Amino acid sequence: MGGILLFDGVCSLCNHLVDFVMKRDKEKYFQFASLQSEKGQSLLKEYQLEVDLNTMVVIENDKAYVKSDAVLKVAPKLTGGWFILGAGKWVPRLIRHKLYDVVAANRYRLFGKKTTCRLPTEEERSRFLT
Numbered sequence: 018m019g020g021i022l023l024f025d026g027v028c029s030l031c032n033h034l035v036d037f038v039m040k041r042d043k044e045k046y047f048q049f050a051s052l053q054s055e056k057g058q059s060l061l062k063e064y065q066l067e068v069d070l071n072t073m074v075v076i077e078n079d080k081a082y083v084k085s086d087a088v089l090k091v092a093p094k095l096t097g098g099w100f101i102l103g104a105g106k107w108v109p110r111l112i113r114h115k116l117y118d119v120v121a122a123n124r125y126r127l128f129g130k131k132t133t134c135r136l137p138t139e140e141e142r143s144r145f146l147t
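For reference, each letter of the sequence shown is one residue, going 18 to 147 in this note's numbering.
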């Protein structure tokens with residue numbers, strides 16, 4: 018089984034991230050769910066996570082990762098040299114998470130916000146959890 022990526026469904030940056038990952042995840046390792054969805058909320062409860070919409074979550078091997086730790090779980094699975102972002106693991110978590118928090122806190126202002134959650138296309142539906 019692969020990983021699950023939970024994202025803010027109304028965040029334009031987050032939706033672009035999902036598109037980015039789907040395009041480069043040739044093995045179709047990741048499945049997706051918005052944090053606002055029933056499935057997203059169910060997974061947050063299952064993994065006992067009390068996170069807000071500012072946090073991306075990756076669930077892999079029955080463990081949940083948040084913020085920059087989640088990003089570090091995604092990068093190695095992507096084609097096109099994105100594995101190099103895995104070098105970020107050498108940056109102290111406190112610094113990585115602070116940088117993540119700055120982007121997350123400003124993402125709506127910088128990238129916009131949708132009025133509804135992202136709806137997958139027909140070909141993407143199999144990768145979205147419901």
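Note that the Cβ used here is the ideal one computed from N, Cα and C, for glycine as well.
Note that this is a predicted model, so its numbers are computed, not measured.
CA nearest to the CA of LEU23, picked from LYS40, LYS90, THR138 and LYS130: One-based indexing of the sequence shown puts residue 23 at position 6. Ranking the options by Cα distance to LEU23, first place goes to LYS90.
Residue from VAL108, ARG110, CYS31 and THR138 with nearest C-alpha to MET73: Here residue 73 is taken as the residue at index 56 of the sequence shown, counted from 1. Taking only the C-alpha atoms, the option nearest MET73 is CYS31.
Range of the contiguous beta strand (DSSP E) that encloses GLY20: Start at 1 with the first residue of the sequence shown, and residue 20 comes out as number 3. For GLY20, the enclosing beta strand (DSSP E) stretches over residues 20-24.
DSSP state of GLU77 mapped onto helix, strand, coil: Here residue 77 corresponds to residue number 60 of the sequence shown, with the count starting at 1. Reduced to three states, the DSSP call for GLU77 is strand.
Segment contact flag, the stretch 52-66 with the stretch 74-88, C-beta cutoff 8 Å, min 3 pairs: Taking 8 Å as the limit for Cβ pairs, the verdict is that the stretch 74-88 does touch the stretch 52-66.
Assigned exposure category for ASP42 - 16 Cβ within 10 Å defines buried: The count along the sequence shown starts at 1 and reaches residue 42 at position 25. Under this definition ASP42 is a buried residue.
Burial state of PHE47, where buried means 16 or more other Cβ atoms lie within 10 Å: Numbered from 1 along the sequence shown, position 30 holds the residue referred to as residue 47. Note on PHE47: 16 or more other CB atoms within 10 angstroms of its CB, so buried under the neighbour-count rule.
Beta strand (DSSP E) segments (min. 3 residues) lying fully within the stretch 24-74: Assignment of beta strand (DSSP E) within the stretch 24-74, counting only whole runs of 3 or more residues, yields 47-51 in chain order.
Residue from PHE100, ARG113 and LYS94 with nearest C-alpha to ASP86: Working through the sequence shown from its first residue, we reach residue 86 at position 69. Of the candidates PHE100, ARG113 and LYS94, the one whose C-alpha sits nearest the C-alpha of ASP86 is ARG113.
Inter-residue Cα distance where the pair is VAL27 and LEU136: Counting from one through the sequence shown, the residue named residue 27 turns up at place 10. Counting from one through the sequence shown, the residue named residue 136 turns up at place 119. C-alpha of VAL27 to C-alpha of LEU136: approximately 10 Å in a straight line.
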